[in-house]
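The structure appears below as structure tokens.
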Amino acid sequence: MITTEQVKALRDKTGISIMQCKKALEDAGGDETKALALLRQKGTEISAKKQSRTLGSGVVEAYIHTGSKIGVMVELLCETDFVARNEAFKVLAADIAMHIAAMNPVSIKGDSEEGAALLAQPFIKDPSQTVGALIEQTIQKFGEKIEVGRFIRYAVLE
Numbered sequence: 001m002i003t004t005e006q007v008k009a010l011r012d013k014t015g016i017s018i019m020q021c022k023k024a025l026e027d028a029g030g031d032e033t034k035a036l037a038l039l040r041q042k043g044t045e046i047s048a049k050k051q052s053r054t055l056g057s058g059v060v061e062a063y064i065h066t067g068s069k070i071g072v073m074v075e076l077l078c079e080t081d082f083v084a085r086n087e088a089f090k091v092l093a094a095d096i097a098m099h100i101a102a103m104n105p106v107s108i109k110g111d112s113e114e115g116a117a118l119l120a121q122p123f124i125k126d127p128s129q130t131v132g133a134l135i136e137q138t139i140q141k142f143g144e145k146i147e148v149g150r151f152i153r154y155a156v157l158e
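Letter by letter, the sequence shown follows residues 1 to 158 in full-length UniProt numbering.
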């Protein structure tokens, strides 16, 4: 039997809907770790289905590191203005900009150099997942295609 406390705890960790959390817990037999794995797998499947959708909105987020020696601008795209104005989407854009400042990726994806592609790098705030997995989790949360359009990183005399 799945309790409301288990569902609430999983929802607090993931931000995903109550029904999706409940279903994942039921499928995992009440095991939170297995439920998280199921939700990640489901997020990857949802993300793959949404890849053909058109992106019509988004935000440009800027980040200047303490000391003003490193600055980043990142374009995070989504399908609708509703998602682009959402606070969680804006936080994602800010987190990705901060990650770019710290990790200095050379491309968004598909780079042959190990660790150089943004989406393949471990996320600085949670190294247990990649930036790509973080975006997939957000796609699952909002039900819209989300992707990094482009980014630029400036550093003084680097």
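Beta carbons are placed, not taken as given, at the ideal position from N, Cα and C, and that holds for glycine.
Quiz item: Roughly how many whole angstroms lie between the Cα atoms of residue 59 and residue 52?
Solution: 20 Å
Quiz item: Within 10 angstroms of its Cβ, does residue 41 collect 16 or more other Cβ (buried), or is it exposed?
Solution: The residue is exposed, with fewer than 16 neighbouring Cβ atoms inside 10 Å.
Quiz item: Does the Cβ of residue 125 have 16 or more other Cβ atoms within 10 Å, making it buried, or fewer, making it exposed?
Solution: exposed
Self-check item: Buried versus exposed call for residue 154 [16 or more other C-beta atoms within 10 Å across all chains shown]
Solution: exposed
Quiz item: Hey, out of 79, 84, 101, 94, whose CA is closest to residue 67's CA?
Solution: 101
Quiz prompt | Exposure of residue 134, with buried meaning 16 or more beta-carbon neighbours within 10 Å | solution = By the neighbour-count rule (16 or more Cβ atoms within 10 Å), residue 134 is buried.
Quiz item: Start and end of the alpha helix (DSSP H) containing residue 110?
Solution: Residue 110 -> no alpha helix (DSSP H), and no H or E assigned at all.
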